[in-house]
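Here is the structure we will look at, set down as structure tokens.
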């Protein structure tokens, strides 16, 4: 959705009020059974960023290797046709543009990038897709907990709009983990001030969504990338979400 030039994304979110709460609740309830509370609006300012596309001259992961088919948790994840994705959205090491401490996760929703900062001034960068719920919260928090192969529980309002999803409703236990599950191989749950922000990072079976604004969900990564992210980022790691 495009916004009038006189209305910034941050102001729009502030005016959205209950609409934003409803949207975030949708995001939370589509990812397993985390607690649902009212989100806390972020009012601080992130540290200034250098360019989001900082170059790095060292060795890079080989996309043919990192996006190959892989077995995980009893599932065979298909290879990603990475040649059809803009190379800037490949997982790659870059000069850290964020100014955040090593071990931090930084999401820039506008640029469709996620960073994990490292010692020595570098960061691992991942391309992401951002659903409408992914724009509904900004701020600092922690990765409170993580889950491998989460269940998908579509919210009741989604089931009401799409009755064919009733078999996956919360009352019916949700969708089993698997390759067709829209949450993919991993989910990371973000808390702020010990409260659930209702913001999630999760996997994704559709490689076409990477680098794009998509219709639903919070922040989605390729399954191969979210597995790598899960292995790099422990629980209680700090996270900053900014636009």
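Numbering (mature numbering (1 follows the signal peptide of the UniProt record, and there is no 0)), first residue to last: -27 to -1, 1 to 216. Positions of the beta carbon are idealized from the N, C-alpha and C atoms, including for glycine. Being a predicted model, the structure only gives us computed values, none of them experimental.
- In the structure shown, residue 202 falls within a helical segment according to DSSP collapsed to helix, strand and coil.
- Under the three-pair Cβ rule at 8 Å, the segment 77 to 86 counts as touching the segment 201 to 216.
- Taking a C-beta distance under 7 Å as the contact criterion, residue 196 and residue 158 qualify as a contact pair.
- When rounded, the separation of the alpha-carbon atoms in residue 131 and residue 108 is 19 Å.
- DSSP, reduced to helix, strand and coil, places residue 44 within a strand of the structure shown.
- Less than 7 Å separates the beta-carbon of residue 102 from that of residue 185.
- DSSP, reduced to helix, strand and coil, places residue 161 within a strand of the structure shown.
- Cβ neighbours of residue 35 within its own chain (closer than 8 Å, five residues either side excluded): none.
- Contact check between the segment 170 to 177 and the segment 191 to 205: three or more CB pairs, one atom from each, fall below 8 Å, which counts as touching.
- Residue state for residue 211 is assigned as strand, using DSSP reduced to three classes.
- Residue 123 has its alpha-carbon roughly 19 Å from the corresponding atom of residue 209.
- Contact annotation: residue 162 and residue 117 have beta-carbon atoms nearer than 7 Å.
- Note on the segment 138 to 197: whole beta strand (DSSP E) runs with a minimum of 3 residues are 159 to 165, 168 to 175, in chain order.
- The beta carbons of residue 165 and residue 114 sit closer together than 7 Å.
- C-alpha of residue 68 to C-alpha of residue 204: approximately 21 Å in a straight line.
- By the 16-neighbour rule on beta-carbons within 10 angstroms, residue 134 is exposed.
- If you ignore the 5 residues before and after residue 148, its C-beta comes within less than 7 Å of the C-beta of 124, 125, 141, 154, all in its own chain and listed in chain order.
- The shortest CA-to-CA distance from residue 151 to any of 48, 59, 180, 129 is the one to 48.
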